[in-house]
Amino acid sequence: MRFLPLLWATLWRRKSRTILTMLSLVTAFLLLGLLQAANSLLGLGTVNLNAPILITQARVSFTSPLPMRLLPQIEAVPGVDAVSFSQFFGGIYKDPKNFFPQFATMPDRWFRVFTECKLGPGQLEAWKASRTAAVAGKNLVERYGWKIGDRIPLTSQIWPQKDGSRAWAFDLVGIVDDATTDSCPRKNNMYIRYDYLDEARQFGQGLAGIFVVRLKDQSQAERISSQIDAMFENSPDETKTQTERDFTLNFARQVGNLNLILNLILCAVFFTILLLTGNTMSQAVRERIPELAVMKTIGFTDTGVLVLVLAEALLICFIGGMAGMLLSVGVMKVFAKVLTQFPAVRADLRVWTIALVTMPTLGLIVGGFPAWRAKRLSIVDALAGR
Amino acid sequence: MRTILAVTLMNLRSIPSRLGTSLVIVVGIAGVVAVLIALLSMSKGFEKTLKGTGADGRAIVINAGSTSELASYLQPDVVSLLRTLPAVKRDVEGKPLASAELLVITELRKGEGPRAASVNVALRGVEPMGLKMRPEVKLMQGRVFEPGLHEVIAGRSATEQFEGIKIGNKLKFRGSEWTVVGIFDSDRDAHESELWTDADTARNAFGRPGASSVLAQLESPAAFKAFKDSITTDPRFQVDVSTERDYFTSQSESLTSAINILTNVISIIMAFGALFGALNTMYSAVATRSVEIATLRAIGFSGAPVVASVLAEAVLLALAGGMIGAAISYTLFNGMSVSTLGGSFTQIAFSFMVTPDLVERGLTWAVLLGLIGGLLPAIRAARLPVVEALRAA
Numbered sequence: 029m030r031f032l033p034l035l036w037a038t039l040w041r042r043k044s045r046t047i048l049t050m051l052s053l054v055t056a057f058l059l060l061g062l063l064q065a066a067n068s069l070l071g072l073g074t075v076n077l078n079a080p081i082l083i084t085q086a087r088v089s090f091t092s093p094l095p096m097r098l099l100p101q102i103e104a105v106p107g108v109d110a111v112s113f114s115q116f117f118g119g120i121y122k123d124p125k126n127f128f129p130q131f132a133t134m135p136d137r138w139f140r141v142f143t144e145c146k147l148g149p150g151q152l153e154a155w156k157a158s159r160t161a162a163v164a165g166k167n168l169v170e171r172y173g174w175k176i177g178d179r180i181p182l183t184s185q186i187w188p189q190k191d192g193s194r195a196w197a198f199d200l201v202g203i204v205d206d207a208t209t210d211s212c213p214r215k216n217n218m219y220i221r222y223d224y225l226d227e228a229r230q231f232g233q234g235l236a237g238i239f240v241v242r243l244k245d246q247s248q249a250e251r252i253s254s255q256i257d258a259m260f261e262n263s264p265d266e267t268k269t270q271t272e273r274d275f276t277l278n279f280a281r282q283v284g285n286l287n288l289i290l291n292l293i294l295c296a297v298f299f300t301i302l303l304l305t306g307n308t309m310s311q312a313v314r315e316r317i318p319e320l321a322v323m324k325t326i327g328f329t330d331t332g333v334l335v336l337v338l339a340e341a342l343l344i345c346f347i348g349g350m351a352g353m354l355l356s357v358g359v360m361k362v363f364a365k366v367l368t369q370f371p372a373v374r375a376d377l378r379v380w381t382i383a384l385v386t387m388p389t390l391g392l393i394v395g396g397f398p399a400w401r402a403k404r405l406s407i408v409d410a411l412a413g414r
Numbered sequence: 104m105r106t107i108l109a110v111t112l113m114n115l116r117s118i119p120s121r122l123g124t125s126l127v128i129v130v131g132i133a134g135v136v137a138v139l140i141a142l143l144s145m146s147k148g149f150e151k152t153l154k155g156t157g158a159d160g161r162a163i164v165i166n167a168g169s170t171s172e173l174a175s176y177l178q179p180d181v182v183s184l185l186r187t188l189p190a191v192k193r194d195v196e197g198k199p200l201a202s203a204e205l206l207v208i209t210e211l212r213k214g215e216g217p218r219a220a221s222v223n224v225a226l227r228g229v230e231p232m233g234l235k236m237r238p239e240v241k242l243m244q245g246r247v248f249e250p251g252l253h254e255v256i257a258g259r260s261a262t263e264q265f266e267g268i269k270i271g272n273k274l275k276f277r278g279s280e281w282t283v284v285g286i287f288d289s290d291r292d293a294h295e296s297e298l299w300t301d302a303d304t305a306r307n308a309f310g311r312p313g314a315s316s317v318l319a320q321l322e323s324p325a326a327f328k329a330f331k332d333s334i335t336t337d338p339r340f341q342v343d344v345s346t347e348r349d350y351f352t353s354q355s356e357s358l359t360s361a362i363n364i365l366t367n368v369i370s371i372i373m374a375f376g377a378l379f380g381a382l383n384t385m386y387s388a389v390a391t392r393s394v395e396i397a398t399l400r401a402i403g404f405s406g407a408p409v410v411a412s413v414l415a416e417a418v419l420l421a422l423a424g425g426m427i428g429a430a431i432s433y434t435l436f437n438g439m440s441v442s443t444l445g446g447s448f449t450q451i452a453f454s455f456m457v458t459p460d461l462v463e464r465g466l467t468w469a470v471l472l473g474l475i476g477g478l479l480p481a482i483r484a485a486r487l488p489v490v491e492a493l494r495a496a
């Protein structure tokens, strides 16, 4: 600890060089923060998908709605705790850029199946009391600045009303939030009432969309999903049942191998930074050779010098890295407000872990060779300028 | 001028002695340019595929308010009214050149192993006239589907991207088996990612008597306005009309604009990183050359050749980096075929396209970064106090 002032002084020996090096580290970690957060979103690392929930969709595609009459049959399968359903509404809020999914369901069923999510006191009752009532995830409410009691206009891309109009409106009566920390993966969705949609829509009566099946026991997932699919085999309403986790991961994979591309970019960035910082460090050591020799003369051990140089590299990487990560958190907040066509990303534990592992690793790699050189330095040669 | 050239050349010849630091500029800018071009070539390829779909002389009619064929549904009575509009071109027998098409989504497997996914693939029910109206669609292998039989033909891109599409293979949709009987080629447009079958067969199998869209052949591209007016002024229709080309172009917009935003954000941040690297390199280059520069100044050279030599070094290194970056993204990405979710929520296959204008854009970035990165160090070099610099030696 008492060497900290010494370390600090050597760091600022060449002010502009240190600052520039740190700034490039800042940009590298800014990108790491942003891209890994996006990656978390694509890999769905941020959401809890471990609930014992199965999704039953039409085998031909999840965009083909299944009829409501399958519901009692699915409900009767042993081991099934509760069944809900989701009809995709496809509404647009003001501008097509504001994309978020809305699903029509029934409040009681929703409540029994999605126990990882909760509504505020009295909100479930309010939702049950009015047919035009709707509940929305906390993230949506924050993003669009909604309040309980707001009337939310949506233009449905799929469902016209009986008179041909596509304009619908719903009253916000509840906010979907986590029951326990980060437990609810539905905070970006809005839920409307199925009975209202089904009566008012021009066509499609009796279509339930997909079924959401909550199990009593997760370990029964495989048996129950094959049992459900077997019931409807070779009928026009063949089903495909999978865990919610598989369903959601598959959905992300449809977009394509984007995480691969993001990771390739990060590799390119860090290779550059490695070269840059490494170059700075070896320059810094080369310049200080006489100084290091003097330090050794007055009693610093070889290892002591090695540690000092390594510590310098680690310190640069840590300061630059932390500044970059903090900046990325700020930038993400701004993006969430400005770029509404993208889902909001945030730096979760995974992103911070990656960053906190990268900082010392980078420091050790770039400081390693110069430090070893400093350790091997012979006093006589160095002082003689050889 | 001659002195500027002489000093610059002398400086450039000394670059090999500072190879390590010079490499920082080259690699840094190569990275920026490679990433920039790679991302842009992705949106370019996607845009090209969709913009290359359809023709100006054909119009597509979908339900009012729907942004894509998938969300659109036209009732059978509307379909027959549209078909008989006078602006629709007739064939020699007097039959209207129009095809009421039904788009349904099916799932196929893509990829193998742990990354395999079930992806949405469009199954398009096409009327016999729909094949006649699209001269760009050519059968490569096999034969066309028979109306009434559960048979499909598949686009060439679909056979490359998805598993199990071979002539004679059976695909299972809605409880029945469909045989692949042919493969078609349509100049790598969006339809090549689709499966096609007979429209009436699809209507029966999927229980939807209407259509997603009606495609109509017009007398000429100029006839589009009259066709559109005849529909929009008719109270019987609540539909949107666009030329086929405009429709598919608009389908590419949301994804390409998203990629372009992403590209700009990433490239600008990376450019800053590379810029700091460039500044660092050039400052240290100036420091290494301080004796040389001071000597030049002492024997009477003005500041201009010094500034020019530093700038030239920075720009040349940056340009080298830019070319390496462009070459990397060309070799890695050009022509790479991928597929992603398109506007109609179905997979669209496309290839990355590294075009000359993208390379030009990348090299422009490189030169600009070199100039900015060289400017401040160049000014410092010109202001170097001659006496002190010489004394330090």
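So the sequence lines, in the order shown, correspond to chains W and S. Numbered according to this note's numbering, the first sequence terminates at residue 414, and the numbering increases by one at each position without gaps. Numbered according to this note's numbering, the second sequence terminates at residue 496, and the numbering increases by one at each position without gaps. C-beta: ideal position from N, C-alpha, C; glycine also.
Exposed or buried, which one is residue i when buried takes at least 16 other CB atoms within 10 Å?
| i | result |
| --- | --- |
| residue 413 of chain W | exposed |
| residue 345 of chain W | buried |
| residue 295 of chain W | exposed |
| residue 416 of chain S | buried |
| residue 114 of chain W | buried |
| residue 311 of chain W | buried |
| residue 408 of chain W | exposed |
| residue 373 of chain W | buried |
| residue 480 of chain S | buried |
| residue 149 of chain W | exposed |
| residue 263 of chain W | exposed |
| residue 418 of chain W | Given a span of 29 to 414 for chain W in the structure shown, any question on residue 418 of chain W remains unanswerable. |
Between which two residues does the alpha helix (DSSP H) carrying residue i extend?
| i | result |
| --- | --- |
| residue 139 of chain W | 135 to 141 |
| residue 366 of chain S | 347 to 391 |
| residue 100 of chain W | 99 to 103 |
| residue 398 of chain W | 377 to 404 |
| residue 353 of chain W | 330 to 366 |
| residue 151 of chain W | 151 to 157 |
| residue 425 of chain S | 406 to 436 |
| residue 468 of chain S | 459 to 486 |
With DSSP collapsed to three states, give me the class of residue i.
| i | result |
| --- | --- |
| residue 64 of chain W | helix |
| residue 263 of chain W | coil |
| residue 412 of chain W | helix |
| residue 219 of chain W | strand |
Looking at the C-beta of residue i, does it have a partner C-beta in chain S at a distance below 8 Å?
| i | result |
| --- | --- |
| residue 344 of chain W | no |
| residue 269 of chain W | no |
| residue 284 of chain W | yes |
| residue 382 of chain W | no |
| residue 227 of chain W | no |
Comparing the C-beta of residue i with each C-beta of chain W, is any distance below 8 Å?
| i | result |
| --- | --- |
| residue 174 of chain S | yes |
| residue 383 of chain S | yes |
| residue 443 of chain S | yes |
| residue 369 of chain S | yes |
| residue 341 of chain S | yes |
| residue 270 of chain S | no |
Going by DSSP, what residue range makes up the beta strand (DSSP E) through residue i?
| i | result |
| --- | --- |
| residue 84 of chain W | 81 to 86 |
| residue 258 of chain S | 254 to 258 |
| residue 164 of chain S | 161 to 166 |
| residue 454 of chain S | 450 to 454 |
| residue 274 of chain W | Note, residue 274 of chain W: premise wrong, no beta strand (DSSP E); alpha helix (DSSP H) at 272 to 282. |
| residue 332 of chain S | That residue, residue 332 of chain S, is in no beta strand (DSSP E); its alpha helix (DSSP H) goes 327 to 335. |
| residue 300 of chain S | 298 to 301 |
| residue 157 of chain S | No beta strand (DSSP E) contains residue 157 of chain S, which DSSP labels as neither H nor E. |
Is there at least one non-hydrogen atom of the ligand ZN closer than 7 Å to the beta-carbon of residue i?
| i | result |
| --- | --- |
| residue 349 of chain S | Of the ligands one can find in the structure shown there are none, so the ligand ZN has no counterpart to examine. |
Within 8 Å of any Cβ in chain B, is that where the Cβ of residue i sits?
| i | result |
| --- | --- |
| residue 385 of chain W | Of the chains in the structure shown, none is chain B; the protein chains are W and S. |
Contact residues within the region 48 to 64 of chain W, judged by C-beta distance below 9 Å to chain S: Result list: 48, 49, 50, 51, 52, 53, 54, 55, 56, 58, 59, 62 and 63.
The region 281 to 312 of chain S: positions lying closer than 9 Å to chain W by Cβ: The residues in question are 308, 309 and 310.
Near-chain W residues of the region 188 to 215 of chain S - C-beta to any C-beta below 9 Å: Per Cβ criterion, the list reads 207, 208, 209, 210, 213 and 214.
The region 123 to 149 of chain S: positions lying closer than 7 Å to chain W by Cβ: 123, 124, 126, 127, 130, 131, 134, 137 and 138
Interface residues of the region 216 to 234 of chain S facing chain W [CB-CB below 8 Å]: 218, 220, 221, 222 and 223
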